[in-house]
Structures are given as structure tokens and as C-alpha cells.
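From first to last, the protein sequence lines are chains A and B.
Number 98 in my numbering belongs to position 98 of the first sequence; there are no gaps in the numbering.
With the second sequence counted from 1, adding 219 to any position gets you my numbering.
All C-beta atoms, glycine included, are put in the ideal place defined by N, C-alpha and C.
These notes concern the structure reproduced below.
Number of protein chains: 2
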Amino acid sequence: MQKEISQAVIRRMPRYYRYLRELLDEGIDRISSNELSVRMKVTASQIRQDLNNFGGFGQQGYGYNVQYLYDEIGKILGLDCQHNIIVIGTGNMGQALAKYVNFEKRGFIMIGLFDVNPALIGSSIRGIPIFSVEELPAFVRDHRVDIAVLTLPKNQAEQIANLLVKLDIHAIWNFAHLDLNLPEDVVVENVHLSDSLMQLSYNIVKKRMEEESSGTAEK
Amino acid sequence: MQKEISQAVIRRMPRYYRYLRELLDEGIDRISSNELSVRMKVTASQIRQDLNNFGGFGQQGYGYNVQYLYDEIGKILGLDCQHNIIVIGTGNMGQALAKYVNFEKRGFIMIGLFDVNPALIGSSIRGIPIFSVEELPAFVRDHRVDIAVLTLPKNQAEQIANLLVKLDIHAIWNFAHLDLNLPEDVVVENVHLSDSLMQLSYNIVKKRMEEESSGTAEK
């Protein structure tokens, strides 16, 4: 049904979704690509092109129906389905994600947490039980698991990721500080926080150098 | 000194840095762009082009000196300087970041945490004190702050970001679920976890549809 859409377009979709949610919260039910363009700081032509990838949604001179567009983009992003999630590695980041309730509003339901630490196993976070990693195969046999979140040290991540693939889990949200080598049919989305921080650091240093070379804090 | 380098190239630099660190840890002190290309799953030509942006580092037929390249990329990324960081919003995500010690190894030092919750103010995490947000102006006057991390609800983020800019903080690592409207000379790096999860969800749904339309689980 869908033609191939570039990942660059897809990367912009959650942002549209976020802005449309804000419009709904403000009680705005119709918006032109020009008005949306001002809010989102992208060109109206980009907006029209992006949304045309999915069949448009807009009518010339009439604007977009915000609720309709919001719902349709939600469907495109798979937010009309429930996604069952497990988190492997219940350290600081794993706990933070487990405590974050907003994911559930979007249909991402955490059904189990896993760790190797005996002090954690058997306890729970927000009612979500923490199991031993050894119980993973049995858990996956008994529950539908759509996404596994890897929040564990990099030296354990590869081995666990391979185990997950063997257990037929095909989507991984990877917070471990490495790139996973997995079969092509496994969907991986990386969150490399250190990389993000280094990117910030680069831009700080670059700005400092520009200011120094221009001699004044102009602009 | 530096010519303008595209953000796409810069985005790849932390990844080079990560792989070079691994090579060093494995005791490898010299590597060709071809060998690096196999490890990193990018073309050797891309590697040569990327590194040429910074003056090369390589010698034809001789490969890259791993330690030298690692150090130089570290400098490019500003990792040879200390960056003082404050975290505003000491909820789940703020606490997870405050507890994460690896940032300090790269020169990112957390010097203060801030919150509005009286139950947290006055306590500390890993020895880093938690202050009231009201103490921000005084704190920033008395300490050099290079980066502010925003880990607070989106309805508070904009106001705090504006305050930070007024206090002359020009780099923000933004985890709040919105785009900040700030002057152009403020460097912002966003970590939108929900966007990342939606991207993953899109790719899961897309893969399912492809498998269904192909009729078999072929690959």
C-alpha cells in the first residue's frame, strides 16, 4: 500500500504529531500549511511535501483538519496499536524509563523489567515486576513482546541482543553505548546519549572559536 | 581556523570516537580506512572524506595512528576541556543522568542539580547537591556553568530555558518534550525520547506490513 518513504521524512513525523497535539490542546481544529510552517519553523512547502507522502490530508485553500491529521499520523506511527515492552537492565536509565508514564499514553506498555542484580530481582517499579535475565526465554514464550529496551552496560548488550533475536524479538530500543550487529530484519533505534552530549560540546567549542575569531560578541 | 563543517559530518564524529576507543582498548594502534570501514559499516571513501574535513590524519598506504586520531577527534569534540553541567529537573531522568558517571570521564562534570520539589531540595545525588530553582541566578553568578540539562515537564521548560539564557548560559541539552524557541546564539541539542520511540514503532509497523504483503516471512 505505502510507497517507500525516506527515513528523513519519517524522522519528522513524531514532530508533526507533537505539534498537532499542541494545536488540539489549544482547541485549534483547522490549520493551513502556512500557519503550521510558522509554528514549526519549517517551510510550508516542506510540510506539504512531507504530508503528501502519506496521501496529503489537506485541501487547497482550506487547511488541514487537525484531529484527522493527528489521528492519521498516529496510525502511520503505529500508535493505534499496543506495543508491549520489556526493559533489560534496571539501572538508572532503565528505572527512569520504567517510571515514565507518558509512554503508556501512546500505547507503549511496559510488561516486564529484567536485571542480573539479585537485590532488584523480585521487586517491582510502578507495579512492573523485575525478573532475572535468566527468566527471559520463559517470559517471552508466555507474553507477546514487541519491543525490548536495552539499558545495560555495553559489554553485556551484544550478547543479550543476540538472545533477544533468537527469542524472536525483532525491535530493539538501544541505549547501550555501542552499535548492535544484528540481522537486517531486526529494527533497531539507538539513543546514544554520550554521542548527543559530544555533539553539543562540539557546537559549544565551535561557537567559542567563532566568537574569538570575530573578536567581539557580535550578533 | 576551521572551515564550516556540515552537522551531518559532526554527527558522525562521536561514533568515530567510540570505535577508536574500542580499538585502543583492544591494543590496536594503527588502522587503515578499509579496516575501519568494515568495522563501522560505512564506506572507506566516506571515512576518508569525513576525516579530511579536519585535515586528514592519515598517510596513504600507512593507515591512521589510532591514538593520534582519537586524541584529535576528542579535541574537535571539545573533550579536552572541562564542561561544567547543571541539571534542572531532578525527576527520574535527571536523577538517572546525575548518577551516570561515564560523562565525567569525558570531562562533563555535574556541579549542581535543581528542582522545585521541597522533598528533594537540600539533599544530594552522588555528592552533587540539589538546590531550589530559585537559587539558580545566585548559583550561576558564583559558578562557571557551560551546559544546562533540561529534564523537566514541557510546561516548565520554556520559562526555565529563557531564564538560563538571561543568566548567560548558552548551551542546553534538552530532554523536555518540546522545541525551545531561543536566540540563535544558544546551542541546543535535543533528546526527544518519545520521538525516538515513535520512529521505532513506525519501523515495526512498516516491517509487519511488508511481511504481510509479501505473504511469507522472506527476507
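Member of the options whose CA lies at the smallest distance from the CA of residue i
i: residue 76(A); options: 12(A), 96(A), 124(A), 172(A); result: 12(A)
i: residue 273(B); options: 292(B), 353(B), 282(B), 234(B); result: 292(B)
i: residue 323(B); options: 299(B), 311(B), 337(B), 309(B); result: 299(B)
i: residue 307(B); options: 411(B), 321(B), 353(B); result: 353(B)
i: residue 376(B); options: 421(B), 283(B), 396(B), 227(B); result: 396(B)
i: residue 237(B); options: 321(B), 342(B), 337(B), 346(B); result: 321(B)
i: residue 332(B); options: 355(B), 378(B), 326(B); result: 355(B)
i: residue 270(B); options: 252(B), 374(B), 381(B); result: 252(B)
i: residue 389(B); options: 63(A), 159(A), 201(A); result: 201(A)
i: residue 240(B); options: 327(B), 287(B), 305(B), 345(B); result: 287(B)
i: residue 313(B); options: 394(B), 338(B), 358(B); result: 394(B)
i: residue 281(B); options: 378(B), 325(B), 385(B), 250(B); result: 250(B)
i: residue 364(B); options: 380(B), 224(B), 330(B); result: 330(B)
i: residue 26(A); options: 6(A), 49(A), 48(A), 66(A); result: 66(A)
i: residue 141(A); options: 164(A), 120(A), 123(A); result: 164(A)
i: residue 28(A); options: 14(A), 64(A), 186(A); result: 64(A)
i: residue 229(B); options: 161(A), 40(A), 195(A); result: 195(A)
i: residue 224(B); options: 268(B), 422(B), 234(B), 362(B); result: 268(B)
i: residue 385(B); options: 374(B), 373(B), 372(B), 401(B); result: 401(B)
i: residue 127(A); options: 154(A), 99(A), 148(A), 117(A); result: 99(A)
i: residue 304(B); options: 430(B), 422(B), 358(B); result: 358(B)
i: residue 143(A); options: 45(A), 211(A), 83(A); result: 83(A)
Delimiting residues of the beta strand (DSSP E) encompassing residue i
i: residue 322(B); result: Unbroken run through residue 322(B) is the alpha helix (DSSP H), 321-324; no beta strand (DSSP E).
i: residue 296(B); result: That residue, residue 296(B), is in no beta strand (DSSP E); it is neither H nor E in DSSP.
i: residue 177(B); result: Look at the range of chain B in this structure, 220 to 438, and you will see that residue 177(B) is not part of it.
i: residue 189(A); result: 187-190
i: residue 150(A); result: 147-150
i: residue 236(B); result: Segment 226-244 is the alpha helix (DSSP H) holding residue 236(B); no beta strand (DSSP E) there.
i: residue 310(B); result: That residue, residue 310(B), is in no beta strand (DSSP E); it is neither H nor E in DSSP.
i: residue 64(A); result: 63-65
Cβ-Cβ separation, residue j to residue i (assumed contact under 8 Å), whole Å
i: residue 43(A); j: residue 91(A); result: With a Cβ gap of about 42 Å, residue 43(A) and residue 91(A) do not count as contacting.
i: residue 180(A); j: residue 191(A); result: No, residue 180(A) and residue 191(A) are not in contact; Cβ-Cβ is about 12 Å, not under 8 Å.
i: residue 334(B); j: residue 349(B); result: 6 Å
i: residue 24(A); j: residue 70(A); result: 6 Å
i: residue 108(A); j: residue 412(B); result: Not quite, the Cβ-Cβ distance comes to about 11 Å (not below 8 Å), so this is no contact.
i: residue 367(B); j: residue 391(B); result: 5 Å
i: residue 233(B); j: residue 199(A); result: 6 Å
i: residue 424(B); j: residue 78(A); result: 4 Å
i: residue 404(B); j: residue 207(A); result: 7 Å
i: residue 96(A); j: residue 315(B); result: 4 Å
Secondary structure of residue i, DSSP reduced to three states
i: residue 126(A); result: coil
i: residue 111(A); result: strand
i: residue 171(A); result: strand
i: residue 316(B); result: helix
i: residue 400(B); result: coil
i: residue 160(A); result: helix
i: residue 139(A); result: helix
i: residue 217(A); result: Confidence is the limiting factor: at residue 217(A) the pLDDT is only 48, short of 50, which leaves the residue's position unreliable, though a coordinate-based value still follows. Reduced to three states, the DSSP call for residue 217(A) is coil.
i: residue 32(A); result: coil
i: residue 70(A); result: helix
i: residue 4(A); result: coil
Terminal residues of the alpha helix (DSSP H) in which residue i lies
i: residue 117(A); result: Unbroken run through residue 117(A): none, as it is neither H nor E.
i: residue 422(B); result: 412-433
i: residue 52(A); result: 44-52
(message) Under 9 Å, CB to CB, which of the residues in the stretch 98-131 of chain A have a partner in chain B?
(response) 98, 99, 100, 102, 103, 106, 107, 108
(request) Could you run through the stretch 385-398 of chain B and flag, in chain order, every residue whose CB is less than 9 Å away from some CB of chain A? (result) 389, 390, 391, 392, 396, 397, 398
(request) Would you list, in chain order, the members of the stretch 287-303 of chain B that have their beta-carbon closer than 8 Å to a beta-carbon of chain A? (result) 295, 296, 297, 298, 300, 302
(request) Could you please tell me which residues of the stretch 406-420 of chain B, in chain order, have their CB closer than 9 Å to any CB of chain A? (result) 406, 407, 408, 409, 410, 411, 412, 413, 414, 415, 416, 417, 418, 419, 420
(message) Please identify, using Cβ separations under 7 Å, the residues of the stretch 34-57 of chain A that lie next to chain B, in order along the chain.
(response) none
(request) Scan the stretch 353-378 of chain B for residues whose Cβ lies nearer than 8 Å to a Cβ of chain A and list them as they occur along the chain. (result) 365, 366
(request) Report the residues of the stretch 9-22 of chain A with a CB closer than 9 Å to any CB of chain B, ordered along the chain. (result) 10, 11, 13, 14, 15, 17, 18, 19, 22
(request) Return the residues of the stretch 205-216 of chain A that lie within a Cβ-Cβ distance of less than 8 Å from chain B, sorted by chain order. (result) 205, 206, 207, 209, 213
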